[in-house]
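**Q** Sharing a structure here in structure tokens format.
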Amino acid sequence: MELRHISSNDAEAFVQLIRDVENNAKYMLYEPGERTMLAEEQRERINKMEHQQSTIIVAEESGNLIGYLIAIGGQARRNRHSAYLIVGIKKENRGKGVGKKLFQEVEDWASDNKIHRLELTVATRNEAGLALYKKAGFEVEGLKRRSLQIDDEFVDEYYMSRLLLNQ
Numbered sequence: 070m071e072l073r074h075i076s077s078n079d080a081e082a083f084v085q086l087i088r089d090v091e092n093n094a095k096y097m098l099y100e101p102g103e104r105t106m107l108a109e110e111q112r113e114r115i116n117k118m119e120h121q122q123s124t125i126i127v128a129e130e131s132g133n134l135i136g137y138l139i140a141i142g143g144q145a146r147r148n149r150h151s152a153y154l155i156v157g158i159k160k161e162n163r164g165k166g167v168g169k170k171l172f173q174e175v176e177d178w179a180s181d182n183k184i185h186r187l188e189l190t191v192a193t194r195n196e197a198g199l200a201l202y203k204k205a206g207f208e209v210e211g212l213k214r215r216s217l218q219i220d221d222e223f224v225d226e227y228y229m230s231r232l233l234l235n236q
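At position 152 of the sequence shown the residue is numbered 221 (this note's numbering), and the sequence of numbers has no breaks.
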């Protein structure tokens, strides 16, 4: 498995990866088929990210994208030191260390970009995601009550963060 920062040439494969993840994950924000995204739109987003203290790290195996970690950097002077993370891994590749490696890579990126705070949200019922984030050093900071509606039921989310104090 290889980790690398995305390029605009990955746009079509990245759109398909996002669809695959969303079609096979109960706790992603978008439901299967809800997101409408074209490769050209994604290509533009990728190109813009380079100038916004943001990045997308992809995991690739045998020429196929199998996971991603999106880091969206703060845009104001007061929050430029932080990045919000979104993670997705194909169902058949979960539990194989892909997530762990993506988090290690984003920490290196954060260090290079003077990011001191990584943050994310996770459904409180998402035990696998919660375990991954805790292993990666994230701590629960708070609770977003009834923030999602999944299968006609309200679900809480945790706010989680990791402070990178050695920077």
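Glycine residues also receive a C-beta, built at the ideal position from the N, C-alpha and C atoms.
1. If you drop the 5 nearest sequence neighbours on each side, which residues of the same chain put their C-beta closer than 7 Å to that of Asn93?
2. Can you name the start and end residues of the alpha helix (DSSP H) that Ala197 belongs to?
3. With which residues is Ala152 paired in a DSSP beta bridge?
4. Going by C-alpha distance, which of Ile87, Trp178, Ala197, Lys117 is nearest Ser77?
5. So, at 6 Å on beta carbons, what are the nonlocal neighbours of Asp89 in its own chain, with the 5 sequence-adjacent residues on each side left out?
6. Start and end of the beta strand (DSSP E) containing Leu217?
7. Are the CB atoms of Gly157 and Met97 within a distance shorter than 8 Å?
8. For Ser123 and Asn182, I'd like the C-alpha separation in whole angstroms.
9. Are three or more beta carbon pairs between the stretch 139-153 and the stretch 107-116 nearer than 8 Å?
10. For the stretch 219-232 against the stretch 194-211, do three or more pairs of beta-carbon atoms, one drawn from each stretch, fall closer than 8 Å, so that the two count as touching?
11. Do Val175 and Ile135 have their CB atoms nearer than 8 Å?
12. Taking all protein chains shown into account, decide if Ile219 is buried (16 or more other Cβ within 10 angstroms of its Cβ) or exposed.
**A** To lay it out plainly:
1. Once the five neighbours on either side are set aside, the close Cβ partners of Asn93 are Lys160.
2. Unbroken alpha helix (DSSP H) run through Ala197: 196-204.
3. Ala152 pairs with Gly142, Leu187.
4. Cα-wise, what sits closest to Ser77 is Lys117.
5. So the list reads Lys159, once near-sequence residues are dropped.
6. Per DSSP, Leu217 is one residue of the beta strand (DSSP E) stretching across 208-219.
7. Yes. Within cutoff.
8. Taking the straight line joining both Cα atoms gives about 9 Å.
9. As far as the Cβ criterion goes, the stretch 139-153 does not touch the stretch 107-116, which means the pair count is below three.
10. Verdict: yes, contact present.
11. Taking 8 Å as the cut-off, the beta carbon of Val175 is found no closer than this to the beta carbon of Ile135.
12. Residue burial annotation: Ile219 is exposed, with fewer than 16 other C-beta atoms found within 10 angstroms of its C-beta.
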